[in-house]
Amino acid sequence: MTTKNIFKRYLVSFNSKTLQHIFTDTLIIGSGVAGLSSAIHAAKGGSVLIVTKSKINENCTEHAQGGIAAKLNPDDSFNQHIIDTLNTGHGICDEDVVSGVVREGPKRVKELIGWGAKFDKENGKLVFTKEGAHSHPRILRARGDSTGKEIEETLINMVKKNPRIRVFEHTFALDLLASKNTCNGIIAWRSRDGNTLIWAKHTILASGGCGQVYRETTNPEISTGDGIAMAYRAGIELQDLEFVQFHPTTLYVAGAERVLISETVRGEGGVLRNKFGERFMLNYHPNAELAPRDIVSRSIVQEIRKTDYTHVYLDVRHIAKEKLSIRFPKIKKLCASFGIDITKELIPVHPSAHYMIGGIKVDQNGRTSMENLLACGEVSSTGLHGANRLGSNSLLEGLVFGYRTGHIAGKEAAKNKDKLLSPRFFKGPPKNHLYNELDLEDIKNSLKSIMWRNVGIERDGKYLKDTINSIKDWSKYIISNEFSSPLGWEVQNMLTASFLIASSAFRRSESRGVHYRLDHLNTNDKQWKKHIIVNNNKKDFE
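Numbers given in the working numbering equal positions in the sequence shown, counted from 1, plus 5.
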């Protein structure tokens, strides 16, 4: 059975003649920093509809702690931010994209401040923090360690004030409607109305990443790879899917969710210690705790193995109590809820899946390989990050590409404001119920476990192949089935995204950035200084 047989075109059967139809100039899937930014700019030229499968504020942006990187510090420079980004990306960043985003970044951040965002200041001046692999302090923060929440609330306020923008919460984007490689909108499921067709002149995918395919992740429950799977089913080009970033430090408490402990904690002087209390990062990299994230995560895994333990510790006891309270109020409160006083005790930490570097291949304006479809934010692959993301560049990318995609959609809508949308006839496949009773939670947990074991921080060709075969086996009866609720669709999307990640990781027979192969330890520029691009129409993986 080929992968094209496994990964069907539509998740649900439908007939466009029998469903409710909704029309908008610009449709945006997702409500994080990228989606909301694009909505605000698209609304300058026409009507906008945002659909999000949970509440508008439930996304990765809301949970982002550290900050946003931008050249606003007089002691910093554009060139140095560009160099830091390129160095971290291990040779496969798009240099034009890096330069463009870094140089446009301050304008977008100032725009955000103009909309009401309040970043932390001291004596009336913005405060800048340093993170791993940054040569200068350039990270702006808000509320100490709740930068994402401040940005999200600012953007939501802007959206709510705009009469041209509608928001559909609890709306699951199922699949793209496309004909002749042109996107016409989506079929979506609304908790209130069921399956609905939404027609748009431009559709912008800003649906986030897929951290939930891993057992250990900082991502919220909604991050199930929906946008990547949707794009793959529609035959859209994706790239760099083997590159998944693992954050070095998440709170490791048995039975609790993995919650991010921001990199800025190490930027302010926090150090990592093993179970014997020994500081170990100096043994792995000259920049110690402020080495790039891929190196810190691998070093922690190796130290855990070396000491035969389950985790390591983050030590901030030497930092002044007042500073900890001001800089990390959220983290301090979180640890206290588990009985950990960070002013006196070590914080147990372990790496977790954090950010999808690869995604839908886009150009410098966020255009995909399909007409009238754009993408921005974590679901996209812009070329900014290469093989490893520089910390706090993601919120920056979301703002910049949110602007670019929204500007294009709004400009086109204004130019074609008299052009009416003509619904096309679409008919999905007939219902196909093969198995009536499936324990979807068990399948989901099995998938998350095998992805964590075999497609995580350290990888090996044999186990990657085993994982691919397991996913194919599960997919034969999960993806071929038809479900009528979000859990079923999410598991189908998770299987699709996991297959693409594992298959891309198996193909790249080298180590580069976050992709670390135990059976191919060296970086091979001659063969692999390039991107792996996949497309369902080209049968990349059989």
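Glycine included, every Cβ here is placed at the ideal spot set by N, Cα and C. These figures come from a predicted structure and were not determined experimentally.
- Message: With H, G and I counted as helix, E and B as strand and the rest as coil, what does DSSP make of S508?
- Response: Look at S508 here: in three-state DSSP terms it is helix.
- Query: Does the Cβ of R310 have 16 or more other Cβ atoms within 10 Å, making it buried, or fewer, making it exposed?
  - Reply: By the 10 Å Cβ count, R310 comes out exposed.
- Message: Distance check for A47 and D368, CA to CA, integer angstroms please.
- Response: As the crow flies, the alpha-carbon of D368 is around 18 Å from that of A47.
- Would you kindly work out how many angstroms separate the C-alpha atoms of A380 and K337, rounded to a whole number? Whole-angstrom Cα-Cα distance: 36 Å.
- Query: Is Q307 helix, strand or coil when you go by DSSP?
  - Reply: Residue state, collapsed to three classes: helix.
- Task: Assign E547 to one of two classes, buried (16 or more other C-beta atoms within 10 Å of its C-beta) or exposed (fewer than that).
- Result: Below a pLDDT of 50, predicted positions are generally treated as unreliable, and E547, at 45, falls in that range; no measurement from the model is reported.
- the segment 233-250 / the segment 494-509 touching (three or more Cβ pairs under 8 Å): Because the criterion of three Cβ pairs below 8 Å is met, the segment 233-250 and the segment 494-509 touch.
- Query: Just reading off the beta strand (DSSP E) that F173 is part of, what are its end residues?
  - Reply: For F173, the uninterrupted beta strand (DSSP E) segment begins and ends at 170-173.
- Item | For I27, the three-state DSSP class (helix, strand or coil) | Correct three-state label for I27: strand.
- Message: Under 8 Å, with one C-beta from each stretch per pair, do the segment 519-533 and the segment 105-114 reach the 3-pair mark?
- Response: Contact fails: fewer than three Cβ-Cβ distances are below 8 Å.
- Select from S489, T66, I61, V539 the residue whose C-alpha is nearest the C-alpha of N200. That would be S489, whose Cα lies nearest to the Cα of N200.
- Message: By the DSSP assignment, the alpha helix (DSSP H) with F83 in it spans what residues?
- Response: Start and end: 83-93.
- Looking only at its own chain, which residues have a Cβ that is under 8 Å from the Cβ of M6, when we skip the five neighbours before and after it? Unreliable placement is indicated for M6, whose pLDDT of 40 sits below 50; the coordinate value is still reported in the next sentence. Excluding residues within five positions, the ones whose Cβ falls inside 8 Å are K477, K481.
- Do F251 and P356 come within 8 Å of each other at the CB atom, strictly closer than that value? Yes, the pair counts as a contact, with Cβ atoms nearer than the cut-off.
- Query: According to DSSP, is D564 helix, strand or coil?
  - Reply: Because the chain is modelled from 6 through 547, residue 564 falls outside the range shown and cannot be assessed.
- Query: For M6, which of helix, strand or coil comes out of DSSP?
  - Reply: In this prediction, M6 has a pLDDT of 40, which is less than 50 and means its spatial position is unreliable; what the coordinates show is noted afterwards. Three-state DSSP puts M6 in coil, outside helix and strand.
- Item | Check whether L210 and I365 have beta carbons under 8 Å apart | Going by C-beta atoms, L210 is nearer than 8 Å to I365.
- Reducing DSSP to helix, strand and coil, say where F248 ends up. Reduced to three states, the DSSP call for F248 is coil.
- Since K178 contacts A193 with CB under 8 Å, what's their CB separation in whole angstroms? Sequence inspection shows Ala at residue 178; the Lys mentioned does not correspond to that position. Confirmed, about 5 Å.
- Query: Are at least three pairs of beta-carbons, each pair with one atom in the segment 396-413 and one in the segment 32-50, less than 8 Å apart?
  - Reply: Counting Cβ pairs under 8 Å, three or more are found: they touch.
- Query: So, are the CB atoms of V354 and L319 less than 8 Å apart?
  - Reply: Between V354 and L319, the gap from beta carbon to beta carbon is short of 8 Å.
- Message: Please report the straight-line C-alpha distance between L256 and D150, rounded to a whole angstrom.
- Response: CA-to-CA, the gap between L256 and D150 works out to about 15 Å.
- Going along the chain, which unbroken runs of the beta strand (DSSP E) with 3 or more residues stay wholly within the segment 28-64? If we require 3 residues or more, the beta strand (DSSP E) runs fully inside the segment 28-64 come out as 53-56.
- Query: If you run the structure through DSSP and keep just helix, strand and coil, what is D604?
  - Reply: Since the first residue of the chain shown is 6 and the last is 547, residue 604 is not available in this structure.
- Would you report the Cα separation of R517 and M456, rounded to the nearest angstrom? Distance between the alpha carbons of R517 and M456: 19 Å.
- If I'm right that C98 touches G214 with Cβ under 8 Å, what's the distance once you round it to whole angstroms? Wrong, their Cβ atoms sit about 19 Å apart, outside the cutoff.
- Which same chain residues, not among the five before or five after T373, have their C-beta less than 6 Å away from its C-beta? Excluding residues within five positions, the ones whose Cβ falls inside 6 Å are I241, I365, V367, A380.
- Message: Between L295 and R332, how many whole angstroms is the CB-CB distance? I'm expecting something under 8 Å.
- Response: Wrong, their Cβ atoms sit about 16 Å apart, outside the cutoff.
- Query: If you check the beta carbons only, do I144 and K130 fall under 8 Å apart?
  - Reply: No; because the gap between Cβ atoms is not below 8 Å, this pair is not in contact.
- Query: Can you tell me where the alpha helix (DSSP H) with M163 in it begins and where it stops?
  - Reply: Counting along the chain, the unbroken alpha helix (DSSP H) around M163 starts and ends at 152-166.
- Beta-carbon proximity list for N186, same chain, < 7 Å, skipping 5 on both sides: Contacts found: M375, E376.
- Local conformation of E547 per DSSP, three classes: Unreliable positioning characterises E547 in this predicted model, as indicated by a pLDDT of 45, which lies under 50. The coordinate reading is nonetheless provided below. Here E547 carries a coil assignment [DSSP, helix/strand/coil].
- Beta-bridge partners of L181, as assigned by DSSP: In the DSSP output, where bridge partners are listed per residue, L181 has I191.
- Query: Can you round the beta-carbon distance between E221 and A69 to whole angstroms, since I take them to be within the 8 Å contact cut?
  - Reply: So it is not a contact: roughly 18 Å between Cβ atoms.
- Would you tell me roughly how many angstroms separate the C-alpha atoms of G403 and T90, rounded to the nearest one? Distance between the alpha carbons of G403 and T90 is about 16 Å.
- Message: Let's test the definition: count the other Cβ atoms within 10 Å of the Cβ of T23 and tell me whether it reaches 16, buried, or not, exposed.
- Response: It is exposed - the Cβ of T23 has fewer than 16 other Cβ atoms within 10 Å.
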